[in-house]
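Undergrad: Quick one: the structure is below, questions incoming.
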Amino acid sequence: QVQLVESGGGLVQAGGSLRLSCTASGIILSLYTMGWYRQAPGKQRELVAAVTRSGNTNHADSVLGRFTISRDNAKNTVYLQMNSLKPEDTAVYYCNAALGSYRDGYWGQGTQVTVSS
């Protein structure tokens, strides 16, 4: 049984930092492209950042220079370091593990991030 468990969300003031973690079980994380997505109320889920099996990363323009995705294959965990947080970063953040399209991948249950102004 595959499980992705996110943690690290919470309430933070604008300008603050959080680090999200996503720990996988039931899969070998190193074989997957890992992504962080977020969904704000009334909006579609959007890609925040992704890291491929080979370690190549991609960050959305809205978080470039503020957020950093990384992976620790030995711990079967992917991280999202979020700095200089803004109120518009408020959303539920989801972890995704995919061999191909993210639509066919596994999802975590989500962790709430709330940034107050």
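Heads up, the sequence shown is in my numbering, so the first residue is 104 and it goes up one at a time. Where a beta carbon is used, it is the ideal one built from N, C-alpha and C, also for glycine.
Give the C-beta separation of residue 130 and residue 105 to the nearest angstrom, bearing in mind that I take them to be a contact with Cβ-Cβ under 8 Å.
TA: The residue labelled residue 130 in the question sits at position 27 within the sequence shown. The residue labelled residue 105 in the question sits at position 2 within the sequence shown. Right, the Cβ-Cβ distance comes to about 5 Å (below 8 Å), so this counts as a contact.
Undergrad: Cα-Cα, which of 136, 116, 108, 186 is closest to residue 55?
TA: Nothing can be reported for residue 55, as the shown portion of the chain is limited to 104 through 220.
Undergrad: Where does residue 122 sit, in a helix, a strand or coil, going by DSSP?
TA: What you label residue 122 is simply residue 19 of the sequence shown in a count that begins at 1. DSSP places residue 122 in strand when its eight states are reduced to three.
Undergrad: Going by CA-CA distance only, name the one from 117, 133, 177, 197 that's closest to residue 151.
TA: Within the sequence shown, numbered from 1, the residue matching residue 151 stands at position 48. Answer by Cα proximity: 197.
Undergrad: Using C-beta distances below 6 Å, list every residue in its chain close to residue 112, excluding the 5 sequence neighbours before and after it, in chain order.
TA: Taking the sequence shown and counting its residues from 1, one reaches residue 112 at position 9. 214, 215, 216.
Undergrad: Quick one: Cα of residue 161 to Cα of residue 220, how far?
TA: Looking up residue 161 in the sequence shown gives position 58. Looking up residue 220 in the sequence shown gives position 117. Cα to Cα, residue 161 sits roughly 27 Å from residue 220.
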